[in-house]
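Okay, structure first, notes after.
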DNA sequence: TCAATAGTGTCTCTTAGACAATATTGA
DNA sequence: TCAATATTGTCTAAGAGACACTATTGA
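What follows is the structure, encoded as structure tokens:
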């Protein structure tokens, strides 16, 4: 038996989410190399046992090399496996999702060889290579589940934000509108929300209180 | 570099749960071979790409070989990884949990070379090898989470069961008592529960209606 | 002033929790 | 009859949803 038949390929793929224009976006990369060259896929890469201390390390490293950014939140979703999902052979792929603050979208550069695109996470315009459409759906559902359970996706927001920003992020994730009153009632005693005394977002309407996430907040 | 340094070990471990004496139990095996020979651990084994069509297949195969039984429910929990968690080297371990109906506990035999034991899942008496104590805690939490969200662990019960059986299974999983009235109110319209007309469990008290799980029920 | 958005209040309905009451068996 | 467990009912409190109302700015 060849090495290929004895050892599976061990990969990590990442669904990198952000919120822009009230939409949940996910980063897709256009693959430069085989397999699936030219096709769009979630950013991903092969585990390097000599470098990585865990699969999460792999995800962090891959994300840094493909996007140039570090993310404030990274979480395992599930692991996909099988002989046919990658043309190179039997593969195991640990899927993670990551949250990118909206004010760092501009820092995402790509690695200069692969094109990148922010797509609607609920309905990406591109056909995904491999089984990445399934991976993306799974990641979205996991994220939705967490937000539906009252977790606050503060990592998606800029360092200062209004409650309306937060509500719109939740709406973008869940794909439906939320009632303002109900939303505020639910979060009003959350210790992760620190109102910034005297800091307001001004505009042609009543000023909105600015908040920041409590230090050490974890999604 | 050697093959060991280039390719991680890819494993599957399984937390096999059942309910006995109102307690949630998990199956541990006493390892016969190195590494950790003589120590107790969750049943697990190495992915065989030439045989398995997925990591779930690996779990099914390992469970069959180590216990002799097939299970009605198997579900992925999370994947653990790192260079130090297994003395053989860099390893990736996909953790699954499985539910065994109480009336099939007797069918679990072990593979004649390794001792097996049903332990309290919340507080197993044995010290676990590798990082399996963490794996077990993670699996228990996942199972609790699902039951707390009103999923009914019917796969743990015999083919016919009373609502009290079901409640006790939930209590064993959650590790706390539930209010009978609240519990029944919550499940009373669940389409998975089929009352068996005229079938009752009799004893020195009012007979209890017997139920069975709807065909095609999934946990 | 008005448009626009921030922020609050109120009513109803559903559900969870605690606990009591009733029902039906074997011994 | 009694002990034991099954099954149902009742009261209360908390929370969700819908929607109306008030507040405060820039233009």
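Residue numbers (my numbering), protein chains in the order written: chain S, 1471 to 1689; chain L, 1471 to 1689.
The C-beta atom is built at its ideal place from N, Cα and C for all residues, glycine as well.
Closest in alpha carbon position to residue 1574/L, among 1538/L, 1512/L and 1646/L, is 1538/L. Remark: C-beta atoms of residue 1680/S and residue 1637/S do not approach each other more closely than 7 Å.
Only residues of its own chain outside the window of five on either side were considered, and among them 1537 and 1539 have a CB closer than 6 Å to the CB of residue 1578/S, listed in chain order. Of the residues assessed, residue 1549/L falls on the buried side of the cut-off, its CB having 16 or more other CB atoms within 10 angstroms.
Distance from residue 1529/S to residue 1482/S at the Cβ level is roughly 5 Å; contact confirmed, criterion being Cβ atoms closer than 8 Å. Annotated three-state conformation of residue 1676/S is strand, per DSSP. No Cβ of chain L is located within less than 7 Å of the beta carbon of residue 1497/S. DSSP, read as helix, strand or coil, puts residue 1550/S in strand.
The beta carbon of residue 1684/S sits closer than 8 Å to the beta carbons of 1661, 1662, 1663 and 1664 from its chain, once the five residues preceding and following it are set aside; these are given in chain order.
Ranked by Cα distance from residue 1651/S, the first of 1639/S, 1634/S and 1642/S is 1634/S. Exclusion of the five residues before and after residue 1606/S leaves 1485, 1496, 1512, 1591, 1594 and 1598 as the residues of its chain whose Cβ lies within less than 8 Å of its Cβ. Scanning 1687/L, 1551/L and 1613/L for the CA closest to the CA of residue 1488/L turns up 1613/L. Judged by DSSP in its simplified three-state form, residue 1611/L adopts helix. Its chain contains 1528 and 1531 as the residues whose beta carbon lies nearer than 7 Å to that of residue 1522/S, once the 5 sequence neighbours on both sides are disregarded; these appear in chain order. Of the residues assessed, residue 1628/S falls on the exposed side of the cut-off, its CB having fewer than 16 other CB atoms within 10 angstroms. Neighbours of residue 1607/L across chain S, judged by C-beta separation under 8 Å, do not exist; the nearest C-beta is about 16 Å away. In the three-state scheme derived from DSSP, where H, G and I count as helix and E and B as strand, residue 1639/L is classed as helix.
Boundaries of the beta strand (DSSP E) harbouring residue 1487/S: 1479-1490, taken from the DSSP string. Legend: CB atoms of the segment 1508-1529 of chain L lying less than 7 Å from CB atoms of chain S belong to residues 1517, 1519, 1520, 1523, 1524 and 1525.
A direct Cα-to-Cα measurement between residue 1503/S and residue 1553/S gives close to 20 Å.
Taking a beta-carbon distance threshold of 7 Å, residue 1552/L counts as an interface residue toward chain S. Collapsing the DSSP output to three states places residue 1535/L in a helix. Ranking 1642/S, 1618/S and 1478/S by CA distance to the CA of residue 1520/L puts 1478/S first.
Annotation for residue 1563/S: the continuous beta strand (DSSP E) segment containing it runs 1561-1569. Apart from sequence neighbours up to five positions away, the residues of its chain that approach residue 1600/S with a beta-carbon distance below 7 Å are 1506, 1511, 1555 and 1556, ordered along the chain. In the three-state DSSP reduction, residue 1602/S falls in the helix class (H, G or I).
By the neighbour-count criterion, in which a residue is buried when 16 or more other Cβ atoms sit within 10 angstroms of its Cβ, residue 1646/S is exposed.
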